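K.L.:
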Amino acid sequence: DPQIMHFITTPSMPQHCMAWEATTLGGIRDLECRQVTVPEMGNQDVVVSVRAIGLNFADIFCCLGVYEAANKMLANGSPPNSGGSSQKAGSFCPGLEFAGEAIAVGSAVADIEVGQSVYGFTRFGAFRSVVVQDAAYLRPMPRDWSHAEAAALVVQGLTAWHGLVELGSIKQGSRVLVHSAAGGVGCAAMEICTALGARPTGVVGCTSKASWLQHRFPGSQILVRGGEAEYAAQLASLPDGGRFDCVLDSLGGKYFTAGLESLDPMGRIIHFGATYSYGSAQGGLFGLRKWLTLIPGYLRRPIVDPGQLTPTNRAVFGFNMIWLTDRVDLLNAELDEMLSRGGMLARAPAVGKRFPFAQLPEALEYLNSGASVGKVVVEVDELLIEPPIASITI
Numbered sequence: 003d004p005q006i007m008h009f010i011t012t013p014s015m016p017q018h019c020m021a022w023e024a025t026t027l028g029g030i031r032d033l034e035c036r037q038v039t040v041p042e043m044g045n046q047d048v049v050v051s052v053r054a055i056g057l058n059f060a061d062i063f064c065c066l067g068v069y070e071a072a073n074k075m076l077a078n079g080s081p082p083n084s085g086g087s088s089q090k091a092g093s094f095c096p097g098l099e100f101a102g103e104a105i106a107v108g109s110a111v112a113d114i115e116v117g118q119s120v121y122g123f124t125r126f127g128a129f130r131s132v133v134v135q136d137a138a139y140l141r142p143m144p145r146d147w148s149h150a151e152a153a154a155l156v157v158q159g160l161t162a163w164h165g166l167v168e169l170g171s172i173k174q175g176s177r178v179l180v181h182s183a184a185g186g187v188g189c190a191a192m193e194i195c196t197a198l199g200a201r202p203t204g205v206v207g208c209t210s211k212a213s214w215l216q217h218r219f220p221g222s223q224i225l226v227r228g229g230e231a232e233y234a235a236q237l238a239s240l241p242d243g244g245r246f247d248c249v250l251d252s253l254g255g256k257y258f259t260a261g262l263e264s265l266d267p268m269g270r271i272i273h274f275g276a277t278y279s280y281g282s283a284q285g286g287l288f289g290l291r292k293w294l295t296l297i298p299g300y301l302r303r304p305i306v307d308p309g310q311l312t313p314t315n316r317a318v319f320g321f322n323m324i325w326l327t328d329r330v331d332l333l334n335a336e337l338d339e340m341l342s343r344g345g346m347l348a349r350a351p352a353v354g355k356r357f358p359f360a361q362l363p364e365a366l367e368y369l370n371s372g373a374s375v376g377k378v379v380v381e382v383d384e385l386l387i388e389p390p391i392a393s394i395t396i
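Using our numbering, read the sequence shown as starting at 3 and increasing by one per residue.
Right under this line is the structure:
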């Protein structure tokens with residue numbers, strides 16, 4: 003309820019903030035908005051008054067309890083130097099990316115100042131009005147961008163860059179098939195392909211998304227996918243016979259299989275999610291509904307025979323961006339490459355829909371509905387820190 007929220011208008015080091023947390027991970031509605039203590043700041047840290055939070059399907063999977071790293075953090079708390087806001091065992095705050103204003107800066111931080119707008123990544127814990135994060139995971143916000151636009155950059159951009167470039171090895175002229183191309187990662191992938199001179203084909207689920215994507219990427223080939231059974235034939239009917247050097251797959255099921263079969267020799271398919279297979283999972287009914295909606299996707303999962311990859315000279319990659327928090331050197335190198343060579347600062351990311359902080363669960367449900375284009379972002383009013391104590395469950 004927005005009425006429970008109290009606002010402080012003068013920047014100061016807050017003792018408390020608002021957070022969406024869960025003590026069980028059975029569904030989106032397990033999240034509760036509560037007042038929490040702001041973690042202590044180290045000399046490498048920056049305290050950020052959050053103004054916008056970018057949502058990702060990983061957040062939904064966390065809430066459903068099907069994201070292993072989230073389950074471990076709920077059980078054990080955040081490990082030391084894990085690249086995220088400190089969390090204690092027994093309560094879990096999701097969220098991977100955010101933008102806001104630096105309101106306190108550690109003594110060892112040289113390139114961020116108090117009052118500066120920044121955006122960044124965290125290994126969970128972004129669903130808060132105040133985030134304390136190591137400066138290595140933050141970047142200054144472009145001057146002509148909004149906080150919502152800046153919060154839509156890091157996770158989708160890094161996911162697309164790591165998949166396409168680090169694993170997919172795309173180059174100028176590479177033929178790239180991008181599943182869910184109108185979503186956050188899909189748009190970033192289309193942007194990176196364009197910057198590198200690759201030839202992307204964007205796949206979407208309906209004609210309205212196709213029109214939206216065509217407007218954002220004029221001249222790109224767009225395909226409105228049909229059902230799983232007909233998808234392989236749809237690809238084959240494309241110019242050049244629907245052959246590709248790289249497939250960025252977030253759907254799974256038979257869409258993955260058709261994408262794998264569309265690869266020419268030396269081709270690579272990169273799987274980073276299964277939104278079609280598992281994205282429709284729902285919480286409720288004491289966890290029963292989750293498993294009833296997950297099982298069909300699990301049964302449709304593709305089976306890859308390694309023995310068939312050798313004679314066809316194709317490769318399958320899977321990755322989860324969370325592991326990059328264990329290698330901050332790689333994360334920073336890839337982030338800088340994505341921002342420069344990947345062209346991700348050439349224009350602001352597309353924000354398709356915005357929700358207020360009080361409606362964060364509704365925002366996740368909207369993302370899970372499959373209706374969104376671009377990025378779904380939650381906006382936080384300045385400075386959302388301390389509601390009346392009587393109205394909050396500690």
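All C-beta atoms, glycine included, are put in the ideal place defined by N, C-alpha and C.
Remember, predicted model here, so these are calculated numbers, not experimental data.
1. Hey, is the segment 362 to 380 in contact with the segment 330 to 345, meaning 3+ C-beta pairs nearer than 8 Å?
2. Output the boundary residues of the alpha helix (DSSP H) element that contains E232.
3. Within 10 angstroms of its Cβ, does F288 collect 16 or more other Cβ (buried), or is it exposed?
4. E384 to Y121, Cα distance in whole Å?
5. May I have the straight-line CA-CA distance separating E42 from Q17, to the nearest angstrom?
6. Where DSSP assigns a beta bridge to V380, which residues make up the other side?
7. Between the C-alpha atoms of L66 and A231, what's the straight-line distance to the nearest angstrom?
8. Would you check if the distance between the CB atom of F274 and the CB atom of G204 is smaller than 8 Å?
9. Measure the Cβ-Cβ separation of G108 and I55 and say whether it is below 8 Å.
10. Identify every residue that forms a DSSP beta bridge with P142.
11. From Q361, A317, F258, pick the residue whose C-alpha is nearest to that of R270; which is it?
12. Quick one: using the 10 Å Cβ neighbour count with 16 as the cut-off for buried, is E99 buried or exposed?
13. In whole angstroms, give me the CA-to-CA distance for L1 and L326.
14. What residues in its chain sit with their C-beta under 8 Å from that of A77, if we drop five residues either side in the sequence?
15. Rank A138, D146, G175 by C-alpha distance to the C-alpha of D328 and give the top, closest one.
16. Rounded to whole angstroms, what's the CA-CA distance from T124 to V330? Just pull it up for me.
17. Which residues bound the alpha helix (DSSP H) around E151?
18. Tell me which residues share the same chain as V178 and place their Cβ nearer than 8 Å to its Cβ, disregarding the 5 neighbours each side in the sequence.
19. Tell me the rounded alpha-carbon separation between Y233 and Q46.
20. DSSP beta-bridge partners for N94?
21. Taking 8 Å as the limit between beta carbons, can you name the residues of its chain near R218, skipping five residues before and five after?
22. Can you tell me which of P363, S374, L240 puts its alpha carbon nearest to the alpha carbon of E34?
23. Just confirm the distance between the C-beta atoms of P308 and G255, as a whole number of angstroms; I'd bet it's less than 8 Å.
24. Pick out whichever of A101, I105, V132 has its Cα sitting closest to the Cα of L155.
25. Note down the Cα distance separating I105 from G376, rounded to an integer number of angstroms.
26. What's the C-alpha gap between G29 and I62?
27. For P202, write down the residues that DSSP places opposite it in a beta bridge.
28. Indicate the three-state DSSP secondary structure (helix, strand or coil) for D47 in the structure shown.
29. Throw me the rounded Cβ distance for the S87 and V48 pair, which I believe falls under 8 Å.
30. Could you pull the DSSP bridge partners for G185 from this structure?
P.N.:
So, from the listed chains and residues:
1. No, because fewer than three Cβ pairs between the segment 362 to 380 and the segment 330 to 345 fall closer than 8 Å, the two stretches do not touch.
2. 230 to 238
3. Confidence at F288 is low in this model, with a pLDDT of 49, below 50, so its placement is unreliable and the value that follows should be read with caution. So F288 ends up on the exposed side.
4. 16 Å
5. CA-to-CA, the gap between E42 and Q17 works out to about 9 Å.
6. Listed as beta-bridge partners of V380 by DSSP are I55, F357.
7. 28 Å
8. Inclusion of F274 and G204 in the CB contact set at 8 Å is not warranted, their separation being larger than that value.
9. Contact flag unset, no.
10. V120
11. Closest option to R270, Cα to Cα, is A317.
12. buried
13. Lying outside 3 to 396, the shown extent of the chain, residue 1 is not represented and no answer is given.
14. A91
15. Ranked by how close their Cα comes to the Cα of D328, the residues A138, D146, G175 have A138 in first place.
16. 11 Å
17. 149 to 152
18. Excluding its 5 nearest sequence neighbours in each direction, V178 has C-beta neighbours in its own chain below 8 Å: L166, G170, I172, A191, C195, A200, R201, P202, T203, F246, D247, C248, V249, L250, listed in chain order.
19. 50 Å
20. One detail in the question is off: residue 94 reads as Phe in this sequence, not Asn. Bridge partners of F94: A24.
21. C189, M192, A352
22. P363
23. With a Cβ gap of about 20 Å, P308 and G255 do not count as contacting.
24. Answer by Cα proximity: A101.
25. Each residue's alpha carbon lies about 29 Å from the other.
26. 8 Å
27. P202 pairs with V178.
28. strand
29. Not confirmed; about 11 Å, so no contact.
30. G376
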